[in-house]
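One structure is given below, encoded as structure tokens.
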Amino acid sequence: MRHLLLAAGIGLSGLAGAGALPAQAAVVQGQSSAAVALDALLVDYEAYLRQADPIGSGMDGDRAALSRLPDASRAGELARRAPLNALKARLDAIDPAALDEAQRLNHAFVGYLIGRELERIELDPSRLAFDSEGGPGQLLAYLAPAARIATAADAEAWLKRLEAAPAYYDAGIANTRRGLETGLIQARSVVDSALAQAERDLKPGAAGDVLLRPFNTLPASIPAAQQEQFRARARALVEGPITARRTAWRDLLRDEYAPKAPQEPGLVHRPGGRDLYAFLVRSHTTTDLTPDQVHEIGQQEVARIRARMETEMRAAGWTGDFAGFLTFLRTDPQFYAKTREELLEKASEIAKRSDDRLPSLFATLPRLPYGVRPVPIEMEETYTTGRYNAGSMATGVAGGYIVNTGKLDQRPLYELPALTVHEAVPGHHLQVALQQEAADQPYYRRDASVTAFSEGWGLYSEFLGEEMGIYRTPYERFGRLSYEMWRACRLVADTGLHWLGWSEEQARACFRDNSALSAHNIETELQRYIGDPGQATAYKIGEIRLREIRQKAERELGDRFDVRTFHDALLVDGALPLALLDARMDRWIAEQKTKTR
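Going letter by letter, the sequence shown gives residues -25 to -1, 1 to 572 in mature numbering (1 follows the signal peptide of the UniProt record, and there is no 0).
So this is what it looks like as structure tokens:
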């Protein structure tokens, strides 16, 4: 799962320029000079992030940010180095030993984020400005459903974002050309997928252009004449400069990029690709694991999970071999919804059953609700099976569990429970909403994107589905294990493609032979891994660490262990790099040991 806007690359890891801003932190009486310096730095870091990331800032309630898009240009990216280096120098001058525990955590986390971003700027992965789901236009397509227009000011804000769209396209086009010039080129299969999406963007379906939909239903408080003016301005922008950029993007992919795109996938075959891939694995997993180590972990997990799948297969009454069972699951009509509405209804029912079980596992729940929604039809061809789009209490938008209702014969119902607990609750919605609502945390903590934590939590939530009683048949339990196998195969396939030089068929075999994923889902996922190197390694690495932390807490606390308190402790600080999470939870375990009963 890459929730809005992880999927669009939003966050410190993918945003453009902001200048240094003066510190405005107030001195708290009794604080050490180191603590005062850190507080001042956090104020400046917040100002930097809010300027650089209008998406996150807007979701946090900054109304002015709702009128802006990020600067994705290389010039803007390079301009970020000066303020980041200045922040780093100030941070390095602060002695962590003079800080309290919470301050030391902030010191370490900010240092990690700044260091990661500076390394990313140097390696320049922005040259891969698109993946199998599309290019610059996908950001706006993700933002449109969350563009809630309740006032004339809201309408003006969305119009401002539409006005900024051509510059965002121009940056993506320039970044893509820079990739061509330097040899960092996507594989032809990824180009073909992105090109197909570019063609669809130019030919909106019956539902109309996705960028105009925020104006479909406007509140009566906006006079009818003004409503029509807003719609006319939006149409002029979409039909004029935005369509021109969409055409330029399509032409670039078709006429310049595709003829030069190699058939073979994998960063290992591109100039500087090994260094870039090693960084991406470190960045997404938040560890120092090498691609070779990640590959080995994946192979071990494949073998372990396969043994459990064999057990569930027999529990289902199947007497044949494993391959035959997979064929049965992939082809028998009993496992597939007959209509889009049926699939959404089943997803909603599972989500509601999950809601019912949350208080037994969590003492703290978010205020923000979520809905179950279909993927927009124009996006479903290359969209994954499901995803989470973050909402915002500040802007009045609920979280969204997004379900792909296209190709129903490729969306097995026995996988739906695992998908639901991963994307909705106790998975991404619960974790992301709690992080957003952590009012006592600095802004950067509420906004932080740490793939290994967030996706590790999503996969850990699939495990929690067992404790919640969500999987009610052997087929659903097999589907849950098939989903876990999918993530284990990601470790094998992603490193195989980008580090070991595997072919698509070598990578495809792990999913085909060991999971019940449909052929369409396997192909969609495979193109995702080819086009977005390293991201897929975070899920299993994060989940393994979370389960290890829980096992350690259960072992050391014995009958003192309380799962509700444990989960609150895991989530209270928001997403953290795994090493910082380890240290945080070790301290929590020690604190629990000293508490009287």
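Where a beta carbon is used, it is the ideal one built from N, C-alpha and C, also for glycine.
Open item on the list: Considering Cα atoms alone, identify which of 55, 410 and 550 is closest to residue 341.
Closed with: Along the sequence shown, one-based indexing puts residue 341 at 366. Residue 341 has its Cα closest to that of 410, out of 55, 410 and 550.
Task: Length at least 4, wholly inside the region 219 to 264: the alpha helix (DSSP H) runs in chain order - done: 248 to 260
Open item on the list: Can you give me the C-alpha to C-alpha distance between residue 498 and residue 168, rounded to a whole angstrom?
Closed with: As a working mapping, residue 498 is identified with position 523 in the sequence shown. As a working mapping, residue 168 is identified with position 193 in the sequence shown. Roughly 11 Å between the two C-alpha positions.
TODO: Sort out for me which residues DSSP pairs residue 106 with in a bridge.
DONE: Reading the sequence shown from its first residue, position 131 is the one you call residue 106. BP columns for residue 106 point to 109.
Task: Of the residues 236, 242, 178 and 385, the one placed nearest residue 214, counting alpha carbons only - done: Stepping through the sequence shown from its first residue, residue 214 is reached at position 239. Here the closest residue by C-alpha is 178.
Open item on the list: Only counting the same chain, and skipping five residues up and downstream in sequence, which positions put a Cβ closer than 7 Å to that of residue 94?
Closed with: What you label residue 94 is simply residue 119 of the sequence shown in a count that begins at 1. Same-chain partners within the cutoff: 254.
- [ ] Flag this pair as touching only if the region 424 to 443 and the region 270 to 278 have three or more C-beta atom pairs under 8 Å; answer yes or no.
- [x] no
- [ ] Mark residue 327 as exposed unless 16 or more other C-beta atoms lie within 10 angstroms of its C-beta, in which case mark it buried.
- [x] Taking the first residue of the sequence shown as position 1, residue 327 is located at position 352. Its Cβ having fewer than 16 others within 10 Å, residue 327 is exposed.
Task: Burial state of residue 191 (16 or more Cβ within 10 Å) - done: Translated into the one-based positions of the sequence shown, residue 191 becomes position 216. Looking at its Cβ environment, which holds fewer than 16 other Cβ atoms inside 10 Å, residue 191 is exposed.
- [ ] Return helix, strand or coil for residue 311, following the three-state DSSP convention.
- [x] Counted from its first residue, the sequence shown places residue 311 at position 336. In this structure, residue 311 counts as strand in the three-state DSSP scheme.
Open item on the list: I'd like the list of long-range same chain contacts for residue 251, defined as Cβ closer than 7 Å, with 5 residues on each side in sequence excluded.
Closed with: Numbered from its first residue, the sequence shown carries residue 251 at position 276. Counting only Cβ-Cβ distances below 7 Å, and skipping sequence neighbours, we find 98, 100 and 242.
Task: residue 299, enclosing beta strand (DSSP E) - first and last residue - done: On the sequence shown, position 324 is the one that residue 299 refers to. Note, residue 299: premise wrong, no beta strand (DSSP E); alpha helix (DSSP H) at 297 to 306.
Task: C-alpha distance - residue 361 paired with residue 316, whole-angstrom precision - done: Within the sequence shown, residue 361 is the residue found at index 386, counting from 1. Within the sequence shown, residue 316 is the residue found at index 341, counting from 1. Computed Cα separation, rounded: 15 Å.
Open item on the list: Among 127, 233, 203 and 114, whose alpha-carbon lies nearest the alpha-carbon of residue 185?
Closed with: For this step, residue 185 is matched to residue 210 along the sequence shown. The shortest C-alpha separation from residue 185 is found at 114.
- [ ] Can you tell me which of 224, 20 and 403 puts its alpha carbon nearest to the alpha carbon of residue 57?
- [x] In the sequence shown, the residue the question calls residue 57 occupies position 82. Residue 57 has its Cα closest to that of 20, out of 224, 20 and 403.
Open item on the list: Please state the DSSP three-state secondary structure of residue 183.
Closed with: By 1-based counting over the sequence shown, the position of residue 183 is 208. Correct three-state label for residue 183: coil.
- [ ] May I have the straight-line CA-CA distance separating residue 375 from residue 566, to the nearest angstrom?
- [x] In the sequence shown, counting from the first residue as 1, residue 375 sits at position 400. In the sequence shown, counting from the first residue as 1, residue 566 sits at position 591. So the alpha carbons of these two residues sit roughly 36 Å apart.
Open item on the list: Taking the straight line between their C-alpha atoms, what separation do you get for residue 151 and residue 45?
Closed with: Counting from 1 along the sequence shown, the entry for residue 151 is found at position 176. Counting from 1 along the sequence shown, the entry for residue 45 is found at position 70. In a straight line, the C-alpha of residue 151 is about 17 Å away from that of residue 45.
Task: Nearest to residue 363 (by Cα), restricted to the options 560, 345 and 380 - done: Counting from one through the sequence shown, the residue named residue 363 turns up at place 388. Of the candidates 560, 345 and 380, the one whose C-alpha sits nearest the C-alpha of residue 363 is 345.
Open item on the list: DSSP three-state label for residue 446, please.
Closed with: As a first step, residue 446 must be located in the sequence shown, where it is residue number 471. It is coil, neither helix nor strand.
TODO: Count the other C-beta atoms from every protein chain shown that fall within 10 angstroms of the C-beta of residue 60, then say buried if there are 16 or more, exposed otherwise.
DONE: Here the question's residue 60 lines up with position 85 in the sequence shown. Burial call: exposed.
Open item on the list: Taking the beta carbon of residue 568 as the centre, do at least 16 other beta carbons fall within 10 Å, making it buried, or is it exposed?
Closed with: As a working note, residue 568 is residue 593 in the sequence shown. Under this definition residue 568 is an exposed residue.
- [ ] Leaving out five residues on either side along the sequence, give the residues of the same chain with a beta carbon under 8 Å from the beta carbon of residue 593.
- [x] Summary: the structure shown does not reach residue 593, with the chain confined to residues -25 through 572, and so no result is reported for it.
Task: Best match in 202, 424, 532 and 353 for proximity to residue 181 [C-alpha to C-alpha] - done: The count along the sequence shown starts at 1 and reaches residue 181 at position 206. Cα-wise, what sits closest to residue 181 is 353.
Task: Residue ranges of each alpha helix (DSSP H) within the region 420 to 474, 4 or longer - done: 426 to 443 and 449 to 473
Task: the region 124 to 142 contacting the region 71 to 82, beta-carbon criterion three pairs below 8 Å - done: no
Task: residue 552 and residue 87 closer than 7 Å at C-beta - done: Residue 552 sits at position 577 when you count from the first residue of the sequence shown. Residue 87 sits at position 112 when you count from the first residue of the sequence shown. Taking 7 Å as the Cβ cut-off, residue 552 and residue 87 qualify as a contacting pair.
TODO: Report the rounded CA-to-CA distance for residue 135 versus residue 337, giving the unit in angstroms.
DONE: Stepping through the sequence shown from its first residue, residue 135 is reached at position 160. Stepping through the sequence shown from its first residue, residue 337 is reached at position 362. The alpha-carbon atoms of residue 135 and residue 337 are separated by roughly 41 Å.
Task: Beta-carbon proximity list for residue 330, same chain, < 8 Å, skipping 5 on both sides - done: Position 355 of the sequence shown, counted from the start, is the residue given in the question as residue 330. Closer than 8 Å at the Cβ level, and outside the excluded window around residue 330, lie 400.
- [ ] Report the residue from 110, 248, 372 and 205 whose alpha carbon sits nearest the alpha carbon of residue 122.
- [x] As a working note, residue 122 is residue 147 in the sequence shown. Nearest of 110, 248, 372 and 205 to residue 122, Cα basis: 372.
Open item on the list: I want to check one thing, is the minimum distance from the CB of residue 510 to the heavy atoms of the ligand SAM below 6 Å?
Closed with: Because no ligand of any kind appears in the structure shown, any question about the ligand SAM cannot be addressed here.
Open item on the list: Among 199, 47 and 183, whose alpha-carbon lies nearest the alpha-carbon of residue 144?
Closed with: Counted from its first residue, the sequence shown places residue 144 at position 169. Out of 199, 47 and 183, 47 has the C-alpha closest to the C-alpha of residue 144.
- [ ] State the beta-bridge partners of residue 387 as determined by DSSP.
- [x] Position 412 of the sequence shown, counted from the first residue, corresponds to residue 387. BP columns for residue 387 point to 311.
- [ ] Determine the closest residue to residue 209 out of 126, 138 and 158, with distance taken between C-alpha atoms.
- [x] Reading the sequence shown from its first residue, position 234 is the one you call residue 209. Taking only the C-alpha atoms, the option nearest residue 209 is 138.
TODO: Compute the Euclidean distance between the alpha carbons of residue 419 and residue 544, then round it to the nearest angstrom.
DONE: Position 444 of the sequence shown, counted from the first residue, corresponds to residue 419. Position 569 of the sequence shown, counted from the first residue, corresponds to residue 544. Distance between the alpha carbons of residue 419 and residue 544 is about 19 Å.
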